[in-house]
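K.L.:
Below is one structure. I have some questions about it.
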Amino acid sequence: MNVPEVVEYVKGLPDIVHAERNLFTCSEEGISAIKKGIKGHNLNRVIVASCTPRTHEPLFRAACEEAGLNKYLFEFVNIRDQCSWVHMREPEKATQKAKDLIRMGVAKARLLEPLEEVETPVIPSCMVMGGGVVGMSAALNLAEQGFEVHLVEKGKGLGGTLLDLYKLFPTNEQASKLVESAIQKVAAQSKIKAYLSTRVKDVRGFIGNFEVVLDQDGKESEIKVGTIIVAIGAEELKPVHQYGYGKFPNVVTQLELEQRMKKGEFEGQNVVMINCVGARIPERTYCSRFCCMTAVKNATLIRESNPASKVWILHRDLMAYGEDFENYYRWSMEQGVRFIRYDREKPPQVIGDGTAEKVRVWHQLRGREIELPADMVVLTTPLIPRADNEEISKMLKVPLSEQGFFLEAHVKLMPLEFATEGIYICGSARWPTEIAEGVAQAYGAAAKAAIPMRRGYVKPEAITSYVNEDLCGGCGICFEMCPYSAIEIKAENGKRVAHCITALCKGCGTCGAACPSGAISMNHFTDEQILAQIAALTA
Amino acid sequence: MNRDKFEPLILGFACNWCAYAGADLAGVSRFQYPPNMRIIRVMCSGRVDPTFVLKAFASGADGVFIGGCHPGDCHYIEGNYKARRRYELLKKMLPQYGIESERLRLEWISASEGARFAEVVMDFINVIKELGALGKRQDQ
Amino acid sequence: MAKLKLGLYWAASCGGCDVAVLDTNEKILDIAQIADLVFWPIALDFKYHHVEAMEDKAIDVCLFNGAVRSSEQERIARLLRAKSKTMVAFGSCACFGGIPALANFTNRAEIMERAYVEAPSNDNLDRTFPRIQTEVAEGELELPELYDTVLTLAQVVDVEYFVPGCPPPVDLILKIVDALATNSLPPPGAVIASEKTLCDECDRKKEEKMISKIYRSHEIIPDPERCLLEQGILCMGPATRGGCGARCIKVNMPCRGCFGPPAGVVDQGAKLVSAIASIYQAKNDEDIARMVEEIVDPAGTFYRFGLADSILKRKRLQKLESGG
Amino acid sequence: MSRGNGHKSVLVIGGGIAGIQASLDLANMGLQVYLVEKSPSIGGRMAQLDKTFPTNDCAMCILAPKMIEASSHANIELYTYSEAEEVSGEVGNFRVKIRKRSPFVDWSKCTGCGLCEEGCPVILPNEFDQGLGKRKAIFVLFPQAVPKKYVIDKREERPCKAACKDACPAHTNVLGYIKLIAEGEFEEAYKLIRDTNPLPAVCGRICYAPCEEVCNRGQLDEPMAIRDLKRFAADHVNIEELELPTITKTGKKVAIVGSGPAGLAAANDLAIKGYGVTVFEALPEPGGMLRVGIPEYRLPKEVLRKEIGYIQKLGVEIRTGVRVGKDITLEEIRKEYGAIFIGTGAHGGMRLGVEGEDLSGVMEGISFLRVVNLRGKAEVGKRTAVIGGGNTAVDCARTAKRLGAEEVRIVYRRSRAEMPASAEEVAAVEEEGIGIELLTTPTRFFSENGRLARMECIRMKLGEPDASGRPRPIPIEGSEFTTPVDTVIAALGQVPETEFVTELGISLSPRGTIGIDPKTRATNIEGVFAGGDVVTGPAFVIDAIAAGQKAARSIDCYLKREPVAVEEEERVPEKLSEEEVADRQKRYPSQKRVKMREEPTQERVKDFREVSLAYTPEEAIEEASRCLAGLIEGCIECHECEKRCEAKALVYTMQDEHVEVDVGAIILATGLDLYDVSPLTEYGYGKIKNVITALEYERLTAASGPTFGELRRPSDEKIPENIAFIQCVGSRDFRHKTYCSAVCCMHATKEAMLAYEHHPGTKSTIFYIDMRAVGKGFQEYIARAQEEYNVTYIRSRPGKIEVTPENDNPIIWYEDTTTSETKKFETELVILCQAMIPRNEEAAKILGVSLDDCGFVEIPDKIFHPLDTARSGIFACGYAHSPRDIPDSVTQASGAAARVAEVLAGGS
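Residue numbers (this note's numbering), protein chains in the order written: chain A, 1 to 539; chain B, 1 to 140; chain C, 1 to 324; chain D, 1 to 908.
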């Protein structure tokens with residue numbers, strides 16, 4: 001599109017004092033041009049017409065603020081992603097559209113009002129949901145940093161999945177020994193208050209002061225915390241009548257295998273493991289990241305403890321990603337574990353009556369079907385979201401991804417945070433994660449939670465609703481609109497009037513649109529501003 | 001104004017989290033679509049007050065488009081449900097004003113549906129081209 | 001101090017507003033105390049030429065009720081404007097178009113066709129229609145021209161004050177008369193009624209604005225204690241200006257919006273569409289379809305009194321001419 | 001003095017996405033962070049990516065806000081272009097010594113505007129673009145660099161003293177434009193020359209080249225052919241199509257008297273500065289001596305017309321046939337113009353002062369040449385004698401030869417050594433069969449029937465040096481002799497005609513030239529300036545140009561009411577010392593100068609065709625590559641950037657700086673490097689053009705990349721319809737890297753999708769061993785690639801890549817493991833997913849942190865302290881820790897930040 005023509009046009013618009021074009025507005029020189037402009041022409045409004053506000057609005061708002069202009073007196077017009085990039089074959093029309101969009105932006109900008117972000121205090125304490133190794137690590141880190149931690153565990157004791165594991169990769173240390181040391185550290189840490197066989201019943205409030213109702217076998221109690229970390233992990237899929245599971249006693253899952261090994265009740269001679277059971281299939285499309293490595297670990301342990309044993313792993317792709325896993329994968333081959341690749345269309349069959357006896361599989365490399373003797377068949381199944389994810393997501397008002405795990409705000413920008421401020425996520429609750437990765441994420445989530453708690457206050461975006469009490473008739477329709485119950489109907493000397501709790505309000509505007517008396521106006525998106533934009537559309 | 005030369009002017013509302021993001025993705029992926037629509041960004045499709053729709057038609061827009069999140073995706077949990085109901089009632093009332101209900105369109109577009117955004121906009125523009133000008137711009 | 005010169009006129013209206021002035025019963029004497037009536041077609045035998053003879057601004061206050069939908073009404077509206085210091089749009093028709101403005105869903109040709117041809121009692125095979133000029137033996141007869149579109153008073157001339165209501169309640173009339181007498185009128189352009197909505201003065205119990213069915217008036221006997229809208233009855237109260245003392249609500253009938261939009265609202269109908277659709281509980285497409293089906297005539301219901309003053313004002317003429 | 005208050009601050013080494021994220025988290029926790037990054041900008045590898053999986057949004061859109069936040073955060077101090085040199089002390093209080101490499105640019109002044117880069121003549125491969133694109137010696141890492149500051153890539157000392165630039169009166173950046181020619185950038189070379197000399201094509205032909213006399217290369221073997229290269233550059237450019245600079249008008253007007261080199265140079269510079277310039281030229285054609293004094297065979301009129309045409313296009317109006325003093329007076333001009341520049345040169349001839357000089361057949365040299373140059377021909381007799389020894393005499397002689405004179409000879413009163421004409425001119429004269437009679441001067445001319453027939457000459461001998469420093473010629477008594485002659489041309493020298501200036505009262509020097517203040521170039525009359533031959537007496541073209549430019553600068557100051565800017569004093573051209581010469585001779589093989597070919601003698605005398613033929617491009621490049629300054633890598637210190645920098649930010653002598661900081665903890669986040677895959681000769685990287693690496697591909701598709709986002713294959717710039725990716729090139733391979741680089745599976749799929757997005761219909765094939773797409777949404781991403789983006793996966797590790805010569809298409813030989821058949825797969829472009837390696841050896845050594853055998857950081861307790869290195873208080877994240885993609889690096893970075901916060905709060 002013809003940018004100089006647009007710049008000339010903008011110069012002609014009323015109230016426009018200065019208009020300039022620069023190549024990279026989001027680069028340092030662009031930012032300093034804005035600041036210089038504000039000071040030079042003592043501007044009271046700034047408009048940037050370039051890419052999308054979704055990525056760079058905070059950047060330019062900060063620039064305005066640094067130059068002494070209230071950051072809500074800034075308007076962003078998208079003439080790249082929604083104009084020049086999508087109308088490449090019609091440059092003149094794209095240029096005209098850019099002019100219209102900027103004219104509408106100017107119309108809105110004229111009516112922008114300065115808004116102040118309200119500082120709300122943050123209670124320096126955190127509730128960690130989930131007492132597994134991930135939850136404990138986050139709790140220990142925050143406690144060491146000096147914050148009070150409420151560690152809430154549904155089960156009877158701390159430790160989570162690690163309690164069921166036998167030995168851990170890569171050092172083959174006893175899982176129980178590690179869990180023990182972690183639990184002792186938690187016990188020794190005075191700042192951590194652990195709640196066992198306790199469920200979170202209700203969560204109200206917002207970043208800085210969440211009111212949480214806990215339910216310990218019927219006994220309810222309430223705690224107030226500044227931040228929440230979700231570390232409830234995930235559970236192993238129990239395959240339903242696949243490969244004879246549930247029918248043959250000697251067909252078990254990897255977790256069940258580890259429990260037997262832990263109790264010393266395992267003495268398999270010919271073991272066949274089948275990977276991707278119930279995973280990477282149309283019904284459950286995702287790969288659960290480290291179940292291959294669990295199989296490799298257990299297979300290697302079997303070989304090491306019983307050199308006479310024969311162990312096969314039937315896999316579709318061996319996900320030994322990174323350095324340690326690839327090295328361990330090669331080490332397990334050296335220990336005699338045999339790997340056979342099978343195709344999703346030609347899955348292996350478990351044969352036997354009463355108990356599994358052999359496994360028939362199409363051997364890709366040899367190009368024919370072979371049979372493996374098996375006195376034990378181990379199914380490697382993926383981790384699946386916990387059953388109560390749905391309930392917790394509704395309670396915390398945080399979304400779940402398609403597969404049912406918790407959905408973080410942005411996979412790269414904010415991988416350990418939710419869009420809802422003050423609530424953080426780590427471990428397999430976000431996505432199947434092996435222990436070391438999970439612990440690292442636990443520390444990450446602790447770091448994110450520590451930021452508001454250390455600062456002591458938060459300043460949520462000032463885009464909230466505002467009730468003009470002279471117009472409000474108290475009909476109460478707005479109350480029904482708000483999922484965050486951020487608007488309440490107060491009864492003052494016999495009269496009903498609506499009132500917005502700015503800290504709770506997310507600024508969606510549903511109440512503003514529904515308010516029949518026009519008493520509710522949405523800061524930064526007022527009716528007048530939007531009507532002005534509409535009028536400017538055809539001006 | 002004969003049919004093929006007529007260039008409709010369309011006002012679009014797009015919710016910041018889904019439809020607007022979808023429009024950006026269409027941009028990043030360079031999906032081309034006709035330039036007849038001007039988008040106003042709102043925080044949620046629930047923010048779109050029927051007053052805005054009537055004001056758009058009154059001031060000369062030939063079509064009004066509202067883009068929101070798929071049910072269940074709304075960043076504010078329920079905003080899009082409210083938008084859907086207001087839209088359905090408004091669609092019944094518009095013909096009483098002589099405004100074909102097809103001139104108003106509500107679509108669910110997620111942040112990852114760049115291609116769909118382009119298709120839907122292109123289709124809506126063709127529908128409006130068929131319907132012809134609303135005619136309000138002349139007697140403005 | 002000199003008595004006020006008071007003029008009243010009735011354009012496209014039903015005469016109810018004039019009757020409402022009489023409803024002041026004995027208080028009419030108080031009015032007589034402070035004002036002399038100089039023009040009131042329904043009640044006193046003044047003729048147009050009397051008004052034309054006056055100097056400009058001779059009439060202190062003109063209470064003009066009724067919408068403007070013919071050439072005569074427009075002429076007199078402009079005449080009274082010239083002759084009056086203060087022009088008051090008196091009643092819903094003058095303020096927002098009122099019931100007559102529902103004609104904006106059609107046009108002059110359809111009205112003529114209906115009234116002079118289609119109406120069952122007609123016997124008008126040769127389709128004679130009234131004409132603006134007709135030559136007769138005695139001379140030339142004139143009739144005012146009927147407009148396609150009904151206009152509010154303010155759309156024709158400048159108006160200082162608006163007294164809504166169909167008809168305006170008695171205490172409102174007294175209030176304006178008293179204000180005129182004591183010269184304590186609010187600044188020009190004000191609507192002499194409450195700034196808030198009807199809900200503010202409706203003392204019915206309000207619990208939960210959630211409805212899952214909409215009843216037409218004959219389908220339900222509403223509970224007199226509870227808010228009508230919460231019982232699924234289309235009450236326009238939330239989007240209608242207060243000040244009428246909720247006289248309809250008191251007789252267990254839903255508000256129909258005759259006091260027009262409250263101060264903060266641009267289009268009463270649009271706000272009602274938004275509010276009612278938002279509180280209708282719909283879990284799926286069927287529920288939504290049921291809601292739409294239960295609101296039989298949205299435009300008619302939501303713009304019963306305010307069509308002429310709404311954003312769109314009328315049905316597209318182009319659509320009517322092409323038979324749409 | 002050290003900075004930082006020990007336990008409350010942190011050192012982060014490595015400014016990639018991991019380092020930035022860790023710094024932001026720590027800073028937001030209120031801790032002071034020192035972020036040290038080796039390259040001039042933070043951003044790391046992510047900045048080189050076009051899009052990032054799995055969301056496919058553009059890398060820069062994610063990275064730029066984080067970089068800006070890091071650079072403007074109160075608690076973060078950025079040390080880019082710096083390295084941690086020494087770390088001592090223990091957790092809780094480390095003392096770190098940081099070396100800040102000198103960028104030779106004062107970053108407090110540099111605004112990142114890029115004017116310097118435009119002028120820089122040194123072109124280098126751009127490492128940021130994997131060598132596919134180009135950058136200059138002064139550069140910024142990438143357009144959105146943070147901080148956006150320029151850095152000079154200065155590697156070696158310039159092997160010569162750049163004497164050429166000092167010797168040139170206009171101080172043309174000789175070494176700069178020769179370097180450009182050596183790099184094949186001929187048009188850029190012309191533009192660089194034109195910056196300091198408005199008549200490159202003219203000077204490229206007739207300049208006396210003082211630069212070549214002092215050229216340091218001359219001390220080795222032969223000086224550079226600077227003038228011939230200048231001409232080559234000028235001839236290689238279509239001057240009429242050169243785009244014009246944007247000029248902002250000042251509204252003021254300047255008059256210039258005389259359109260010779262001085263006048264034209266002043267007009268050019270003043271026009272560019274926005275003044276309305278009018279040139280008054282007495283002759284019918286502009287150009288002064290260049291037009292009427294220099295014969296066509298030395299300076300074709302067409303070349304001169306084009307260069308003057310360009311100056312006219314700048315807005316200069318040239319009024320020919322207007323003699324100031326006759327058709328218009330200086331006074332009238334003074335009323336209408338803010339300032340006047342007089343550059344009327346020296347067109348007056350000198351008389352022999354002998355009897356018979358006024359006979360017809362005896363002509364004065366300058367007017368002879370003027371007639372020939374204006375009308376194209378003149379009458380010369382069979383026997384012609386030219387009196388005088390300067391260039392004008394040589395021009396007259398060779399012109400007379402070309403006009404048909406059979407026997408032409410030059411008569412000069414001193415000896416050959418004193419002949420002012422340049423050696424090449426004298427050699428050319430003799431080559432063209434023109435005799436030279438030295439120590440002879442005419443004393444009398446005799447006529448027959450009114451026409452010149454004979455002249456009497458006398459022999460001379462040389463005596464003591466006269467005022468000009470040359471030996472005085474003394475006639476030898478009795479040596480008179482007569483010789484028949486038809487035409488005599490007296491070319492004794494030129495004298496300025498300055499009567500017209502007296503009208504304004506302009507003071508003249510005793511020699512009749514205009515007197516001026518050497519500093520301001522102004523005459524004694526306010527607003528009137530002068531320069532060129534009219535001031536100095538006859539000199540060379542380049543001197544006149546330099547005088548015009550200096551006058552233009554003072555006029556500019558005068559009209560702006562500013563004091564005249566003090567010109568830094570003239571630098572004396574330096575010679576190489578003996579040792580330096582010896583050293584250069586050792587380093588650079590001696591190489592003779594490339595001679596410019598000339599028209600064969602018998603042909604060229606027949607007409608006025610141009611005698612010398614320009615270099616061919618190959619010859620020009622060969623000659624230009626001899627220039628000593630250009631023989632080093634990196635900046636050649638030609639000071640072009642300093643000249644253009646408005647912020648005056650260049651500091652060529654800036655040294656490295658050392659800073660000490662005290663920190664409580666350290667995070668190592670040095671990121672990844674790309675493994676060189678050329679040792680995998682079976683894949684032919686480096687030999688087969690259309691086999692590129694994954695990061696090269698990324699740069700090709702990036703909008704800020706060398707091809708602005710067009711995926712063009714290297715061999716023929718064609719956009720490939722069919723491309724293939726090969727996984728695990730160097731990874732999972734005993735001969736190279738045993739580990740899996742963890743990122744390439746998804747990276748290849750993303751790049752395949754990009755190809756489809758850029759050109760719908762493109763078919764991609766990915767050869768893989770295990771498709772390790774393990775992250776959130778990754779499997780669905782792979783499925784979408786297959787369904788919507790025409791990507792197919794073949795499980796196989798290809799054995800070899802060959803190339804079909806006729807279309808450069810690579811052929812991949814592979815065994816399809818599902819069918820175990822050996823197959824051939826022809827494609828248009830192969831992308832090797834190269835292994836990625838850590839680059840943390842130096843940092844690890846300094847920090848005393850051990851690395852494992854694959855080069856990643858050793859992690860003692862992998863389960864409970866996965867980010868703690870062996871040394872307490874030091875943590876690692878990102879690719880330095882272990883192979884991982886961006887999302888995992890970001891989560892680890894926050895983890896490391898938490899561990900630091902814990903340790904600084906006194907934890908374990």
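The C-beta atom is built at its ideal place from N, Cα and C for all residues, glycine as well.
#1: Cα-Cα, which of D/F280, D/P866 and D/C396 is closest to D/V292?
#2: Give a yes or no on whether 7 angstroms exceeds the smallest Cβ distance from B/M1 to chain C.
#3: What residue range is occupied by the uninterrupted beta strand (DSSP E) comprising C/L37?
#4: With DSSP run on the structure shown, which of helix, strand or coil describes A/A419?
#5: 7 angstroms is my cut-off, CB to CB: does B/Y97 come that close to chain A?
#6: For C/V38 and C/A67, I'd like the C-alpha separation in whole angstroms.
#7: Ordered along the chain, which non-local residues of its own chain (more than five positions away) have a Cβ less than 7 angstroms from that of D/Q48?
#8: Who are D/M46's beta bridge partners in DSSP?
#9: For B/M93, go through chain C and note every residue whose CB falls closer than 7 angstroms to its CB, in chain order.
#10: Compile a chain-ordered list of the residues in the region 175-200 of chain C whose CB is closer than 8 angstroms to at least one CB of chain G.
#11: Near C/S13, which residues of its chain fall below 8 angstroms by C-beta distance, leaving aside the five closest residues on each side in sequence?
#12: Measure the C-alpha to C-alpha separation of A/V46 and B/D62 and round it to an integer number of angstroms.
#13: Buried or exposed: which applies to A/R303, given that a residue is buried once 16 or more other Cβ atoms fall within 10 Å of its Cβ?
#14: Which residues, taken in chain order from the region 89-103 of chain A, show a beta carbon closer than 9 angstroms to some beta carbon of chain B?
#15: Count the other C-beta atoms from every protein chain shown that fall within 10 angstroms of the C-beta of D/F481, then say buried if there are 16 or more, exposed otherwise.
#16: Which term fits A/Q403, buried or exposed, when burial requires 16 or more other beta carbons within 10 angstroms of its beta carbon?
#17: Assign D/T502 to buried or exposed, taking buried as 16 or more other Cβ atoms, counted over all protein chains shown, within 10 Å of its Cβ.
#18: Got a sec? Which residues, its chain only, sit under 6 angstroms from A/V350 by beta carbon, not counting five neighbours each side?
#19: Where does D/A385 sit, in a helix, a strand or coil, going by DSSP?
P.N.:
Judging by the given coordinates:
#1: Position 292 of the fourth sequence, counting from 1, holds the residue named residue 292 of chain D. Nearest C-alpha to D/V292: D/C396.
#2: In the second sequence, counting from the first residue as 1, residue 1 of chain B sits at position 1. With a pLDDT of 44 at B/M1, under the threshold of 50, the predicted position of this residue should be treated as unreliable, though the coordinate-derived value follows. B/M1 does not count as touching chain C.
#3: In the third sequence, counting from the first residue as 1, residue 37 of chain C sits at position 37. Unbroken beta strand (DSSP E) run through C/L37: A35 to F39.
#4: Counting from 1 along the first sequence, the entry for residue 419 of chain A is found at position 419. When DSSP states are grouped into helix, strand and coil, A/A419 belongs to the coil group.
#5: Numbered from its first residue, the second sequence carries residue 97 of chain B at position 97. With 7 angstroms as the cut-off, B/Y97 does not count as an interface residue toward chain A.
#6: Residue mapping note: residue 38 of chain C aligns to position 38 of the third sequence, counting from 1. Residue mapping note: residue 67 of chain C aligns to position 67 of the third sequence, counting from 1. Counting only the Cα atoms, C/A67 lies some 21 angstroms from C/V38.
#7: The residue given as residue 48 of chain D occupies position 48 in the fourth sequence. Excluding positions up to five away in sequence, the list reads F128, L695, E698 and R699.
#8: Residue 46 of chain D sits at position 46 when you count from the first residue of the fourth sequence. Looking at the DSSP assignment, D/M46 forms no beta bridge with any residue, so it has no partner.
#9: Numbered from its first residue, the second sequence carries residue 93 of chain B at position 93. From the beta-carbon of B/M93, the residues of chain C found nearer than 7 angstroms are V273, P298 and A299.
#10: The chain labelled as chain G is not found among the protein chains of the depicted structure, namely A, B, C and D.
#11: Stepping through the third sequence from its first residue, residue 13 of chain C is reached at position 13. Once the five neighbours on either side are set aside, the close Cβ partners of C/S13 are N65, G66, A67, G91, C93, A94, G98 and P100.
#12: Translated into the one-based positions of the first sequence, residue 46 of chain A becomes position 46. Translated into the one-based positions of the second sequence, residue 62 of chain B becomes position 62. Between A/V46 and B/D62, the alpha-carbon positions lie close to 31 angstroms from each other.
#13: Counting from one through the first sequence, the residue named residue 303 of chain A turns up at place 303. A/R303 comes out buried.
#14: Within the region 89-103 of chain A, contact with chain B at the beta-carbon level (separation under 9 angstroms) is assigned to R89, E90, K93, A94, Q96, K97, D100 and L101.
#15: What you label residue 481 of chain D is simply residue 481 of the fourth sequence in a count that begins at 1. Exposed.
#16: As a working mapping, residue 403 of chain A is identified with position 403 in the first sequence. So A/Q403 ends up on the buried side.
#17: Within the fourth sequence, the letter at position 502 stands for residue 502 of chain D. Its Cβ having fewer than 16 others within 10 Å, D/T502 is exposed.
#18: Residue 350 of chain A sits at position 350 when you count from the first residue of the first sequence. The residues are Y243, G244, A356, V359 and V377.
#19: For this step, residue 385 of chain D is matched to residue 385 along the fourth sequence. The three-state reading of DSSP puts D/A385 in strand, counting E and B together.
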